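>
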Amino acid sequence: MDLPQNPFKRAIYAGQQQIGFWNSMVSTTATEILAGSGFDWLLIDAEHAPNEPASLMAQLQAMMENTTHPVVRVPENDPIVLKRCLDIGTQTFLIPMVETVEQAEAAVAATRFPPNGIRGFAGASRASRYGRVANYHARAHEEICILVQIETMQGLDNLEAIAAVPGIDGLFIGPGDLSADMGHLGNQGHDDVVALIEKTIKRIVAAGNRAGILTPDETLARRYMAAGCVYTAVGIDTGLLARQTEAIARKYKA
Numbered sequence: 063m064d065l066p067q068n069p070f071k072r073a074i075y076a077g078q079q080q081i082g083f084w085n086s087m088v089s090t091t092a093t094e095i096l097a098g099s100g101f102d103w104l105l106i107d108a109e110h111a112p113n114e115p116a117s118l119m120a121q122l123q124a125m126m127e128n129t130t131h132p133v134v135r136v137p138e139n140d141p142i143v144l145k146r147c148l149d150i151g152t153q154t155f156l157i158p159m160v161e162t163v164e165q166a167e168a169a170v171a172a173t174r175f176p177p178n179g180i181r182g183f184a185g186a187s188r189a190s191r192y193g194r195v196a197n198y199h200a201r202a203h204e205e206i207c208i209l210v211q212i213e214t215m216q217g218l219d220n221l222e223a224i225a226a227v228p229g230i231d232g233l234f235i236g237p238g239d240l241s242a243d244m245g246h247l248g249n250q251g252h253d254d255v256v257a258l259i260e261k262t263i264k265r266i267v268a269a270g271n272r273a274g275i276l277t278p279d280e281t282l283a284r285r286y287m288a289a290g291c292v293y294t295a296v297g298i299d300t301g302l303l304a305r306q307t308e309a310i311a312r313k314y315k316a
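Here's what the structure looks like:
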């Protein structure tokens, strides 16, 4: 059996816009529905959603019949957390709160086997299709994609250096925490925030790396894509469900 390819990684390196959606409901049914909706990628959240390796693996399995690519956001930049997610078959990671070169290098090292990293050896994990992928341990890194979140002023200060770290495949702007760090908590659409995000996207592109972001605001999403974002999440499952059900309730109760 051959090593499963990572079409998302290939697409962003080719500059092909990848439209994504945020999935935080910790439900295989919701994941299966979203994966069949036509998005290029689906973010399975374990930072702000109560996902653990077992629920993450079940959702990866729920996506197998679709071409939508799973991206797992881990709760923290920790080698044990990353190892467990790697072993269940995660190929693309979103790693929160990366602010320094050292943190970026640590994330890459955690996803590589020795001598190029510190990932622990597992002989027959789901990642290797239970030992059926030939030469998995020598080739796994080829299909691993590491996206790091830039969401503080310190991260912005170190942006070009982080972008230059070998193995960092993309820099993802976290508008919520970044706006909070700027003094605009809860106001991601503030003019100063939007201007800084557009400038940051252009800096990422100029540094030779790949920019991404999440925003459910269509106007902002299109502005950020025009600025150079190549993987763009355009909605959140919980927010969409809440707003749509509220609207239905209001319509019938009015």
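If you're matching positions, the sequence shown starts at 63 in our numbering and goes up one per residue.
Note that CB positions come from ideal geometry on N, CA and C, so glycine has one too.
Nothing here was measured: the structure is a model prediction, and the numbers come from that model.
(1) Would you kindly report the start and end of the unbroken beta strand (DSSP E) that includes residue 276?
(2) Roughly how many angstroms separate the alpha carbons of residue 174 and residue 148, rounded to a whole number?
(3) Taking only the alpha-carbon atoms, compute the straight-line gap between residue 202 and residue 252 and give it to the nearest angstrom.
(4) Buried or exposed for residue 231, going by 16 or more other Cβ atoms inside 10 Å?
(5) For the stretch 259-312, which segments carrying the alpha helix (DSSP H) assignment without a break, of at least 4 residues, lie completely within its bounds, in sequence order?
(6) List, from N- to C-terminal side, the beta strand (DSSP E) runs of 3 residues or more that fit wholly inside the stretch 70-143.
(7) Can you check which of these residues, 172, 161, 159, 133, is closest to residue 153 by C-alpha distance?
(8) Between the beta-carbon of residue 234 and the beta-carbon of residue 250, is there less than 8 Å?
(9) Can you give the Cα-Cα distance for residue 223 and residue 216, rounded to whole angstroms?
(10) Given residue 98, which residues of its chain have a CB within under 7 Å of its CB, disregarding the five upstream and five downstream residues?
(11) Among 69, 189, 90, whose alpha-carbon lies nearest the alpha-carbon of residue 103?
(12) Could you tell me if residue 161 is buried or exposed, where buried requires 16 or more neighbouring beta carbons within 10 angstroms of its beta carbon?
(13) In the DSSP output, which residue or residues are listed as bridge partners for residue 183?
On the basis of the supplied data:
(1) As a first step, residue 276 is located in the sequence shown; it is residue number 214 there, counting from the start. Start and end: 273-276.
(2) Reading the sequence shown from its first residue, position 112 is the one you call residue 174. Reading the sequence shown from its first residue, position 86 is the one you call residue 148. Residue 174 and residue 148: Cα-Cα distance of roughly 10 Å.
(3) Here residue 202 is taken as the residue at index 140 of the sequence shown, counted from 1. Here residue 252 is taken as the residue at index 190 of the sequence shown, counted from 1. Each residue's Cα considered, the two are about 42 Å apart.
(4) Translated into the one-based positions of the sequence shown, residue 231 becomes position 169. With 16 or more other CB atoms across the displayed protein chains lying within 10 angstroms of its CB, residue 231 is buried.
(5) 280-289
(6) 80-85, 103-107, 131-135
(7) Within the sequence shown, numbered from 1, the residue matching residue 153 stands at position 91. Residue 153 has its Cα closest to that of 133, out of 172, 161, 159, 133.
(8) Reading the sequence shown from its first residue, position 172 is the one you call residue 234. Reading the sequence shown from its first residue, position 188 is the one you call residue 250. Not a contact, by the Cβ cut-off of 8 Å.
(9) Indexing the sequence shown from 1 puts residue 223 at position 161. Indexing the sequence shown from 1 puts residue 216 at position 154. Straight-line Cα distance between these residues: approximately 12 Å.
(10) Start at 1 with the first residue of the sequence shown, and residue 98 comes out as number 36. So the list reads 128, once near-sequence residues are dropped.
(11) Translated into the one-based positions of the sequence shown, residue 103 becomes position 41. Closest by alpha carbon: 69.
(12) Here the question's residue 161 lines up with position 99 in the sequence shown. That one is buried.
(13) Translated into positions along the sequence shown, residue 183 becomes position 121. Note: residue 183 sits in no beta bridge, so no partner.
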